[in-house]
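What follows is a single structure, written as C-alpha cells, with notes after it.
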Amino acid sequence: MSETLTLRRPDDWHLHLRDKDMLKAVLPETARHFARAIIMPNLVPPVVRGDDALAYRDRILAALPDGMKFTPLMTLYLTEDTDPDDLAEAHTSGLIKAVKLYPAGATTNSASGVRDFDKVRPVLERMAEIGCPLCVHGEVVDADIDIFDREAVFIDRVLDPIRQAVPKLRVVMEHITTQNAADYVRSNQTGLAATITTHHLVINRNDILVGGIKPHYYCLPVAKREEHRLALRAAATSGDARFFLGTDSAPHTDPNKLSACGCAGCFTATNTMSILAEVFENEGALDKLEGFASLHGPAFYNLPANDESITLTKGGPFRYPEKLETPEGPVTIFDPGMDLHWRVA
Ligand code: NCD
Ligand code: ZN
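Using this note's numbering, the letters of the sequence shown correspond one by one to residues 120 to 464.
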C-alpha cells in the first residue's frame, strides 16, 4: 500500500499571477492545488486603488477555467500617494486583505514603490487602526549595500523603526532569505509573521553561480549562503505559526530570464506541494507541513482554514514537465535538483 498524506487544502500567501495571456496560463497551475492566494499587485501599472483591485480580481476570476475553484485575496500596492480613505474602504469592504510595501527599485515593477518611508507613516497608522496587514518586500536598495546584505540591513534601518513607530501595525515579512529575518520574527510575540518560499528552502547562492550562471535560480531576494537556507528550513519545519508558505511563484518567459539582463523570479506554482513534501520529509517533519501550508497563514490573516483537503501519494520518483507553454512564450518550471516522490492526487 502506498503512503499517503492528507492535508487541509493549502493557500499561497504570496503569488504573482500577472495579467492577460500569462494570467490565463499560470492561474490553473496554482488553482489545481491551492484554494486561495495573496495576489501581488506589481502589475504595470500597479494595483494602487480599490477600483484597480476590484477590476484585477474580476480579470482573475474570468481567467479561471470552468470547474476550478479559487479565491484571489487582493492587495494594494503602497505608494507615497496612497489615499488612506480609499485603502480603508477597500479593506473594510473585504476586497483587499493586505497592502504591499515595495521599496522603490527593489525588484520587478517596483518603480512606483516607496522612497521616503516617513511619507507613508499616516497610511500605516490608518492600517494599524483598521487591522490591515502590511506585506513587506524587505530589502534596502542603497547602492553601497551589498545585495546579499540587503534584507538584514532593511530590518535594522527600515522595518524595526516602522514597527517601533506604529506598534499596532501587523506585518508580514515576505519571502525571507536569512537567519537574521527568522530570528527577528521569533523575537516578536505578536503582529509579525514571515512567509517562506519553496525555492529558498531548496537553493543557496552556490546553486545560482557555481559551474556557470543559472538564470532560473535568480530571484529576489537573492538566495543566500547555505547557513541561511538551513535556518529557513528549520523555521518552516518548526511548527512555529509565525512562519507560513508564500511561494512568490513569479512567471517570466525564458527569453526574459535568459538574457544579458535577466528578470528575477522562480516559477514554482506547478510543483510546490511535491517539493515541500520532499523537503519536510527530509527534515523529519512531514507532520508540520499542514501547519506551514494550510493553517498558519489563515490564522495570521484571521480567516478560517479551508474545509476541503488534498492528498499526496508517495511513489517512485517522477518528473514534472520542464516548461509551462504560454502564449507569451515558455516559462521554465523551477527544477528542485532532487528526486520528487510525492504527487498530489
Ligand atoms: C517578483 C516578480 O517577478 O514579480 N520577482 C522575484 O524575484 N521574486 C517580484 C518580487 O516578489 O520581488
Ligand atoms: Zn514576489
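Ideal Cβ placement from N, Cα and C applies to all residues, glycine included. As the structure is a prediction and not an experimental result, all values here were calculated from the model.
TODO: Tell me whether alanine 369 counts as near the ligand NCD, meaning its Cβ is closer than 6 angstroms to at least one heavy atom of that ligand.
DONE: By 1-based counting over the sequence shown, the position of residue 369 is 250. Yes, the ligand NCD has a heavy atom inside 6 angstroms of this Cβ.
TODO: Might you give, ordered along the chain, the residues of its own chain that have their beta carbon closer than 6 angstroms to the beta carbon of glycine 310, omitting 5 neighbours on each side?
DONE: Reading the sequence shown from its first residue, position 191 is the one you call residue 310. For glycine 310, where only same-chain residues beyond five positions count, the Cβ hits under 6 angstroms are Arg289.
Task: the segment 301 to 310 in contact with the segment 350 to 360 per 3-pair CB rule at 8 angstroms - done: yes
Open item on the list: Can you find the residues in the same chain that come closer than 6 angstroms, C-beta to C-beta, to alanine 312, ignoring five residues on each side of it along the sequence?
Closed with: Position 193 of the sequence shown, counting from 1, holds the residue named residue 312. Correct list, in chain order: Val291, Arg361 and Phe419.
TODO: Report the residue ranges of all beta strand (DSSP E) runs contained in full by the segment 339 to 415; include only those spanning at least 3 residues, in chain order.
DONE: 362 to 364
Task: Buried or exposed by the 16-neighbour rule on C-beta atoms within 10 Å, applied to glycine 365 - done: As a first step, residue 365 is located in the sequence shown; it is residue number 246 there, counting from the start. Glycine 365 comes out buried.
Open item on the list: Run through the DSSP bridge pairs and tell me what cysteine 254 is partnered with.
Closed with: The count along the sequence shown starts at 1 and reaches residue 254 at position 135. BP columns for cysteine 254 point to Lys219 and Val291.
Open item on the list: Taking the straight line between their C-alpha atoms, what separation do you get for glutamate 128 and arginine 344?
Closed with: Working through the sequence shown from its first residue, we reach residue 128 at position 9. Working through the sequence shown from its first residue, we reach residue 344 at position 225. What sits at residue 128 in the sequence shown is arginine, not glutamate. Each residue's Cα considered, the two are about 32 angstroms apart.
Open item on the list: Please state the DSSP three-state secondary structure of lysine 66.
Closed with: Outside the modelled stretch of the chain, which goes from 120 to 464, sits residue 66, for which no answer is possible.
Open item on the list: Given the structure, does methionine 457 come close to the ligand ZN, in the sense that its CB is under 6 angstroms from one of the ligand's heavy atoms?
Closed with: Locating residue 457 in the sequence shown gives position 338, where the first residue counts as 1. Incorrect: methionine 457 has no Cβ contact closer than 6 angstroms to the ligand ZN.
Open item on the list: Given this structure, state the Cα-to-Cα distance separating isoleucine 322 from valine 242, to the nearest angstrom.
Closed with: Here residue 322 is taken as the residue at index 203 of the sequence shown, counted from 1. Here residue 242 is taken as the residue at index 123 of the sequence shown, counted from 1. Their Cα atoms are separated by approximately 36 angstroms.
Open item on the list: Let's test the definition: count the other Cβ atoms within 10 Å of the Cβ of isoleucine 179 and tell me whether it reaches 16, buried, or not, exposed.
Closed with: The sequence position of residue 179 within the sequence shown is 60, counting from 1. Buried: at least 16 other Cβ atoms inside 10 Å.
- [ ] Pull up the DSSP beta-bridge partners for valine 463, would you.
- [x] To locate residue 463, count along the sequence shown from 1; it is residue 344. In DSSP, valine 463 forms a bridge with Leu431.
Task: Length at least 4, wholly inside the segment 275 to 322: the alpha helix (DSSP H) runs in chain order - done: 279 to 284 and 298 to 305
Open item on the list: Check for me: the alpha helix (DSSP H) holding histidine 210 runs from which residue to which?
Closed with: Position 91 of the sequence shown, counted from the first residue, corresponds to residue 210. 203 to 211 is the extent of the alpha helix (DSSP H) around histidine 210.
Task: In DSSP terms, what tyrosine 196 is bridged to - done: For the purposes of this step, residue 196 is taken as residue 77 along the sequence shown, with counting starting at 1. For tyrosine 196, which the question treats as bridged, DSSP gives the partners Lys219.
Task: Nearest-angstrom beta carbon gap, leucine 124 and tryptophan 461 [assumed within contact, 8 angstroms] - done: Here residue 461 corresponds to residue number 342 of the sequence shown, with the count starting at 1. Here residue 124 corresponds to residue number 5 of the sequence shown, with the count starting at 1. The pair is a contact, with the Cβ atoms about 7 angstroms apart (cut-off 8 angstroms).
- [ ] Confirm, please, whether the CB-CB distance from valine 145 to proline 370 is below 7 angstroms.
- [x] Against the sequence shown, residue 370 aligns to sequence position 251. Against the sequence shown, residue 145 aligns to sequence position 26. Against a cut-off of 7 angstroms, the Cβ pair of valine 145 and proline 370 comes out as a contact.
Open item on the list: Considering Cα atoms alone, identify which of Phe236, Leu142 and Asp367 is closest to asparagine 390.
Closed with: Within the sequence shown, the letter at position 271 stands for residue 390. Taking only the C-alpha atoms, the option nearest asparagine 390 is Asp367.
Open item on the list: Can you confirm whether the segment 265 to 279 touches the segment 168 to 178 when touching is taken to mean that 3 or more C-beta pairs between the two stretches lie within less than 8 angstroms?
Closed with: no
Open item on the list: If I measure Cβ to Cβ from histidine 318 and keep anything under 7 angstroms in the same chain, skipping five residues before and after, which residues do I get?
Closed with: Looking up residue 318 in the sequence shown gives position 199. Hits under 7 angstroms: Cys338, Cys385, Thr387 and Phe453.
Open item on the list: For the ligand ZN, is there any heavy atom lying closer than 6 angstroms to the beta carbon of methionine 187?
Closed with: For the purposes of this step, residue 187 is identified with residue 68 of the sequence shown, where counting begins at 1. Checking the Cβ of methionine 187 against the ligand ZN gives no.
Task: Terminal residues of the alpha helix (DSSP H) in which glutamate 248 lies - done: Position 129 of the sequence shown, counted from the start, is the residue given in the question as residue 248. Where glutamate 248 is concerned, the enclosing alpha helix (DSSP H) stretches over 240 to 249.
Task: Limits of the alpha helix (DSSP H) - the one that alanine 156 falls within - done: Taking the first residue of the sequence shown as 1, we reach residue 156 at position 37. Per DSSP, alanine 156 belongs to no alpha helix (DSSP H); it is in the beta strand (DSSP E), 155 to 158.
Open item on the list: Just checking methionine 159 against the ligand ZN - is the residue's beta carbon closer than 6 angstroms to any of the ligand's heavy atoms?
Closed with: Counting from one through the sequence shown, the residue named residue 159 turns up at place 40. Within the cutoff, so yes.
Task: Burial state of valine 285 (16 or more Cβ within 10 Å) - done: Walking along the sequence shown from the start, residue 285 turns up at place 166. Valine 285 is buried by the Cβ-count criterion.
Open item on the list: Any heavy atom of the ligand NCD inside 6 angstroms of the beta-carbon of threonine 226?
Closed with: Here residue 226 refers to the residue found at position 107 of the sequence shown. Yes, since a heavy atom of the ligand NCD falls inside the 6 angstroms radius drawn around the Cβ of threonine 226.
Task: beta-carbon leucine 339 near the ligand NCD non-hydrogen atom, thresh 6 angstroms - done: Mapped onto the sequence shown, residue 339 falls at position 220. Yes, since a heavy atom of the ligand NCD falls inside the 6 angstroms radius drawn around the Cβ of leucine 339.
Open item on the list: Is any non-hydrogen atom of the ligand NCD found closer than 6 angstroms to the C-beta of alanine 62, if you look at the structure I gave you?
Closed with: As shown, the chain starts at 120 and ends at 464. That puts residue 62 outside it, with no answer to give.
- [ ] Compare the beta carbon distance of histidine 135 and isoleucine 157 with 7 angstroms and say whether it is the shorter of the two.
- [x] If you number the sequence shown from 1, residue 135 lands on position 16. If you number the sequence shown from 1, residue 157 lands on position 38. No, the Cβ-Cβ distance between histidine 135 and isoleucine 157 is not below 7 angstroms.
Open item on the list: Please list the terminal residues of the continuous alpha helix (DSSP H) segment that includes threonine 125.
Closed with: Counting from 1 along the sequence shown, the entry for residue 125 is found at position 6. Here threonine 125 belongs to no alpha helix (DSSP H); instead the beta strand (DSSP E) covers 123 to 127.
Task: Top-ranked residue by Cα proximity to leucine 431, from Pro147, Arg137, Asp138 and Arg151 - done: For the purposes of this step, residue 431 is identified with residue 312 of the sequence shown, where counting begins at 1. Measuring from the Cα of leucine 431, the nearest candidate turns out to be Arg151.
Open item on the list: Please determine whether the Cβ atom of histidine 319 lies at a distance below 6 angstroms from any heavy atom of the ligand NCD.
Closed with: Taking the sequence shown and counting its residues from 1, one reaches residue 319 at position 200. No, the Cβ of histidine 319 stays beyond 6 angstroms of every heavy atom of the ligand NCD.
Task: Assigned exposure category for proline 280 - 16 Cβ within 10 Å defines buried - done: Counted from its first residue, the sequence shown places residue 280 at position 161. Per the 10 Å Cβ criterion, exposed.
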